[in-house]
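S.K.:
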Amino acid sequence: MFCIKRFCFVMTIVSAAPLTELEKAVNHLIDVFHKYSNTSSNLIDPAGIEKLCSDLDVSRTDIRFLMLAWTMKAEKQGYITHEEWTRGLKALRADTIDELKKALPQLEKEVRTPSNFADFYAYAFRYSLTEEKPESTDIETICQLLDTVMGSTFRPQVDYFVEYLKIQKDYKVINMDQWMGFYRFCNEVISFPDMSEYSPGLAWPLVLNNFVEWIREKQA
Amino acid sequence: MYRETIIDFEQGCKCLEAGVSELKRILEEETSETRIDPKQYLELYTTIYNMCIQKHPHDHSQRLYNKYHDIVEHYAKKTVLPCVQQKHDEYLLRELSRRWDHYKVFVNWLSHFFNYLERFFIPQRNYPSLLEVAMKSFRDRVYLEVQVNAKDVVIALIDKEREGAQIDRELVKNVLNVFVQSGMGTIEKYKEDFEMFLLEDTESYYARKASRWIQECSCPEYMIKSEESLRKEKERVIHYLHSSTECKLVEIVEKELLVSVAKHLLEKEHSGCSALLRDDKVDDLSRMYRLYHPIPKGLEPVADAFRIHVAREGNALIKQAQDAAANGSLVEAQVLVGKIIDLHEKYMVYVLDCFKNHTFFHKALKEAFKVFCNKKVGGSSSAELLANFCDSLLKKSGKSDEAIEATVDNVVKLLDYISDNDLFAEFYRKKLARRLLFDHHKVNKEHETIMITKIKRQQGGQYTSKMEGMVTDMQLAKEFQKGFKGSLTAKPGGIDLAVTVLNTGFWPSYKTSTDLNLPREMVECVEAFKSYYGTKTNQRKLRWLYSHGTCHVIGSFDPKPIELVLSTYQAVVLCLFNNTERLTYQEIIEQLNLSHEDLVRVLLSLSCAKYRILNKEPASKSISTTDVFEFNSKFTSTMRRIKVSIPPPPIDERKKVVEDVDQDRRYAIDACIVRIMKSRKVLPHQQLVSQCVEQLSRMFKPDIKMIKKRIEDLITRDYLERDAKNHHIFNYVA
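Taken in order, these protein sequences are the chains called R and A. If you use this note's numbering, the first sequence corresponds to residues 430 to 649, in order. If you use this note's numbering, the second sequence corresponds to residues 1341 to 2074, in order.
Dropping the structure here:
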């Protein structure tokens, strides 16, 4: 509150000319930002995100929220900076929360195009990393993330893989290479659970080799 | 005689015909006087000669040539053929043979008469020679008519001979000559009209024999029959068949008798390959080799049968040892290596002897051994068993150099069959270390060197470099010790000190003793050596392994002083009792700084074992932390010097070795992958894995999953990356 007042104050004194459309738009974005941001840090923090989500009528674990984060290129999970906010809303051509809400279905369609989705998928993993664990993410988070990101398009693969991840003991975390491996797996090994396109000699990450073996054992 | 008159053609022919009739009559009579009257001969010759040299238009050469053709044609068609056609069976052959001989004589005479034509007219016109004409006539008029029947009779005779009857070989030979000659310079007629049918007949003949014999005969009996059949067929060729038939005939016999029944024959239950090997039937096995060797791919089933048999024997040995181990007896495991070596020698004899050193059998032997030499017995891998075997071998005294060499040769061969070579190296190194450090008076340096040299020859220098380093270290240590002794003016601490300096890189890793509190005298020793060492070397760090030292301590017992041979730990514990008669466990451990496990072992050896140097309260069989120990002044023995042995620490040495080797393997795989990628820059996954396996195969058989894990690890560490376009290809990251 304090910051904005100062900002406005300066503006009013210095420029006598009326605001341009662009300036008006940016102003408005910032106003909306401040509805959710934390005053001391000037970021939208987890609490603000909860509010935002409820206003947008999506849950925080909804894939559309994640897609929004992707559009913003948000770096830290649970936080949105000023810059990221502006970037995101500008890209969606949304000035208000309502407009933002309306833009979400179209956003989803666009993100689901193959070229975008691969990038989005990789982003989803990076987004889950933290400062303490910058290289890999624990199994439980991965399972949730898989469900969010791939659940609607590759339901059986996700269900099987999540089940496997929970019972196997070789890995406690998953890294980027393994994460991307699963995406490639879903796209290349089309017939599931027959998996006739799968060949163990190829360069699948070891966790996927073990996964397939486990399924085959179950089928036998 | 010079004639002036021209000979008219008809006139000449009359004369000629008379002569020909005369010839025919003579031949028909078959008297020994098959000669023509010289006067008549001359007259005929001259007549023809003149008819040829007469001037045109009385030059009758061409007409004479045609006349010749008519004569032979007529003879063949009107005389020879009818006679032959009248007969059957063997009589047919006889008649054919007879008529053939006559024809040859007939033609021969004619060629004398017509000699002038042969020498001048025919070459001039490039016509077929007289002989050619004659042969053609015989072929067309006689041969073509009778060859089918003749062929059938001949083949029937051959079959009769095969069944044991005697036949007129000369007759057959002569008849077959007709076939050959009818080819007019080629072997085609013989092949098409006779040989083809012979081969067919032979095939069905031996097929029948094979199916009967295989049922009735044992394997050796069958082989003897086959060998005999082959011999007879070859003999047949020599006596009356054309030589070109031999290889085809032999091929067919081999195919029917040996190839098609090979599996059945070799696997015969009581007499097949396996049984022969079991019963050491050297002759039969040699015969088997002889029979199958010339057949392309013929030896493969034999080599297979050999391999299966040897593998079965080996597996039986292994199973025996495994069962014994499961019942708690470890003796079988210890003698197992010796038994395997014996097995190897036994079957090598077969390979060299019966199987004539053939590569297939060397290979079969090797593969068989690889199958069972890699099985575990009672928790010990074959690598460990082999290392143990070497250990006992090298500790045995009294063996000659030759005996050791022979056994070592066998050991090295076995090593070749074991896939986990690196595991063997580690176990061997551990045992070697113990021998060198603790049993150095038992060590025979020549024998140790023989073993290492032979291993080196097979596995390469890098494999044995650490072992060699260890042996050299002992040598260097001895020399260094001499220098040290020479430098001393007085005994440090009043003790005879001997130090062995080891190169850390060569020796297995040992746990450093905790900061052991040495008695004052020993501290003086350590310092003395340290300063000497410092003068002789540059910037080297010494790590004292008190756990591995030995001490000779004189115990002043009441009855008599006795020299005790102890480990350093034992000595250090006893020295505490120089200052006081009684000590509690706690006091000992605090004063010395030994670990609990180590101290328990030491105290056990000194108070609860064979020699009671210390008295323990309470006098139980185990050490507890509340025990109190007292110097046993009453201790005595009949000997003047005794060794108080201490058992080695119960760390699971095997587990540690396996862990160490696993760790080394991980490094080896990493290095291998990076090396390959560095040179190839881009490589598909499958090729990377297979190249890795190939490069490492000398040392061990890498687990595919482990390689994959290392690849993924290297990706995380940014040595490799997946190709952006095809994620089954890797790129090297510089």
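Ideal Cβ positions, reconstructed from N, Cα and C, are used throughout, including at glycine. If you're wondering where the values come from, they're calculated on a predicted model, not measured in any experiment.
So does the stretch 1657 to 1675 of chain A actually touch the stretch 1706 to 1721 of chain A, counting three or more Cβ pairs closer than 8 Å?
M.R.: In short, these stretches touch, since the Cβ pair count reaches three.
S.K.: Could you have a look at Ile619 of chain R and say whether DSSP puts it in helix, strand or coil?
M.R.: Correct three-state label for Ile619 of chain R: coil.
S.K.: Tell me the residue span of the beta strand (DSSP E) that contains Cys1891 of chain A.
M.R.: From DSSP, the beta strand (DSSP E) with Cys1891 of chain A extends over Thr1890 to Ser1896.
S.K.: Hey, could you find the ends of the alpha helix (DSSP H) Phe549 of chain R is sitting in?
M.R.: Start and end: Pro543 to Ser557.
S.K.: Please report how far the alpha carbon of Met440 of chain R lies from the alpha carbon of Arg555 of chain R, in whole angstroms.
M.R.: Only weak support exists for where Met440 of chain R lies, its pLDDT of 33 falling under 50; the value from the coordinates is given anyway. Distance between the alpha carbons of Met440 of chain R and Arg555 of chain R is about 39 Å.
S.K.: List the residues of chain R whose Cβ lies closer than 7 Å to the Cβ of Glu2052 of chain A, in chain order.
M.R.: Going along chain R in sequence order, the residues near Glu2052 of chain A (Cβ under 7 Å) are Asp606, Pro634 and Leu635.
S.K.: What's the gap between the Cα of Tyr600 of chain R and the Cα of Val636 of chain R?
M.R.: Whole-angstrom Cα-Cα distance: 8 Å.
S.K.: Which runs of the alpha helix (DSSP H) spanning at least 4 residues fall entirely within the stretch 1504 to 1583 of chain A, listed in chain order?
M.R.: Correct list: 1509 to 1521, 1536 to 1556 and 1559 to 1580.
S.K.: For the stretch 1442 to 1466 of chain A, list the alpha helix (DSSP H) runs that are entirely contained and at least 4 residues long, ordered along the chain.
M.R.: Counting only runs of 4 or more, we get 1462 to 1465.
S.K.: For a contact meaning CB atoms closer than 9 Å, what does Gln2027 of chain A contact in chain R?
M.R.: Within chain R, no residue comes near Gln2027 of chain A; the closest Cβ sits about 10 Å away, beyond 9 Å.
S.K.: Check the Cβ of Ile2077 of chain A against every Cβ in chain R and list those closer than 8 Å, keeping chain order.
M.R.: Any property of residue 2077 of chain A remains undetermined from this structure, which presents chain A solely from 1341 to 2074.
S.K.: Taking 9 Å as the CB-CB cut-off, is Met609 of chain R touching chain A?
M.R.: So, interface residue.
S.K.: Counting only C-beta atoms, is Lys2045 of chain A closer than 9 Å to chain R at any point?
M.R.: Judged by the 9 Å Cβ criterion, Lys2045 of chain A is in contact with chain R.
S.K.: Would you list, in sequence order, the uninterrupted beta strand (DSSP E) runs of no fewer than 3 residues that lie entirely inside the stretch 1833 to 1910 of chain A?
M.R.: Qualifying beta strand (DSSP E) stretches, in chain order: 1890 to 1896 and 1901 to 1907.
S.K.: Pick helix, strand or coil for Thr1924 of chain A, following the three-state DSSP scheme.
M.R.: Three-state result, Thr1924 of chain A: strand.
S.K.: In this structure, does DSSP put Lys595 of chain R in helix, strand or coil?
M.R.: Three-state result, Lys595 of chain R: helix.
S.K.: Express the C-alpha separation of Glu513 of chain R and Lys505 of chain R in angstroms, rounding to a whole number.
M.R.: Roughly 10 Å between the two C-alpha positions.
S.K.: Name the DSSP bridge partner or partners of Ile2069 of chain A?
M.R.: Answer is A:Pro2024, bridged to Ile2069 of chain A.
S.K.: Count the other C-beta atoms from every protein chain shown that fall within 10 angstroms of the C-beta of Gln648 of chain R, then say buried if there are 16 or more, exposed otherwise.
M.R.: Its Cβ having fewer than 16 others within 10 Å, Gln648 of chain R is exposed.
S.K.: Does His1780 of chain A have its Cβ less than 9 Å from a Cβ in chain R?
M.R.: Judged by the 9 Å Cβ criterion, His1780 of chain A is not in contact with chain R.
S.K.: Report all residues from its chain with a CB closer than 6 Å to the CB of Ala1838 of chain A; omit the five preceding and five following residues, and keep chain order.
M.R.: So the qualifying residues of the chain are Gln1821.
S.K.: Examine chain R for any beta-carbon lying closer than 9 Å to the beta-carbon of His2067 of chain A, and answer yes or no.
M.R.: So yes, His2067 of chain A belongs to the interface.
S.K.: What's the C-alpha gap between Gly630 of chain R and Arg493 of chain R?
M.R.: Their Cα atoms are separated by approximately 37 Å.
S.K.: Taking contact to mean 3 or more Cβ pairs, one atom from each stretch, closer than 8 Å, check whether the stretch 1494 to 1509 of chain A and the stretch 1468 to 1486 of chain A are in contact.
M.R.: These segments do not touch.
S.K.: Could you check whether Glu1861 of chain A and Pro1832 of chain A sit closer than 9 Å to each other, using their CB atoms as the reference points?
M.R.: In this structure, Glu1861 of chain A lies closer than 9 Å to Pro1832 of chain A by Cβ.
S.K.: I'd like to know whether the C-beta of Gly477 of chain R is nearer than 9 Å to at least one C-beta of chain A.
M.R.: It does not; no Cβ of chain A falls within 9 Å.
S.K.: Answer with yes or no whether the minimum CB distance from Phe436 of chain R to chain A is below 9 Å.
M.R.: With a pLDDT of 36 at Phe436 of chain R, under the threshold of 50, the modelled position of that residue is not reliable, and the figure given next carries that caveat. By this cut-off, Phe436 of chain R is not an interface position.
S.K.: Closer than 8 Å by C-beta to Ala1358 of chain A: which residues in its own chain qualify, once you throw out the five before and the five after it? Chain order, please.
M.R.: Cβ neighbours of Ala1358 of chain A beyond the five flanking positions: none.
S.K.: Hey, out of A:Tyr1415, A:Arg1459 and A:Ile1347, whose CA is closest to Pro1397 of chain A's CA?
M.R.: Closest option to Pro1397 of chain A, Cα to Cα, is A:Ile1347.
S.K.: To the nearest angstrom, report how far apart Pro585 of chain R and Lys2021 of chain A are at their CA atoms.
M.R.: Approximately 38 Å, taken between the alpha carbons.
S.K.: In the DSSP assignment, find the unbroken beta strand (DSSP E) run with Lys1395 of chain A in it and report its ends.
M.R.: From DSSP, Lys1395 of chain A is part of no beta strand (DSSP E); its letter is neither H nor E.
S.K.: Return the chain-ordered list of same chain residues with a C-beta closer than 6 Å to the C-beta of Ala1708 of chain A, the five sequence neighbours on each side being excluded.
M.R.: Arg1647, Val1650 and Ala1651, listed in sequence order.
S.K.: Which term fits Val602 of chain R, buried or exposed, when burial requires 16 or more other beta carbons within 10 angstroms of its beta carbon?
M.R.: Exposed.
S.K.: Return the Cβ separation of Pro1641 of chain A and Leu1606 of chain A in integer angstroms, given the expectation that the two are a contact with Cβ distance under 8 Å.
M.R.: Going by Cβ atoms, the distance from Pro1641 of chain A to Leu1606 of chain A rounds to 6 Å, so yes, they are a contact pair.
S.K.: Given this structure, state the Cα-to-Cα distance separating Phe1453 of chain A from Glu1575 of chain A, to the nearest angstrom.
M.R.: Cα to Cα, Phe1453 of chain A sits roughly 41 Å from Glu1575 of chain A.
S.K.: Relative to the alpha-carbon of Lys538 of chain R, which residue among R:Thr468, R:Thr500, R:Trp643 and R:Arg613 has its alpha-carbon at the smallest distance?
M.R.: Here the closest residue by C-alpha is R:Thr500.
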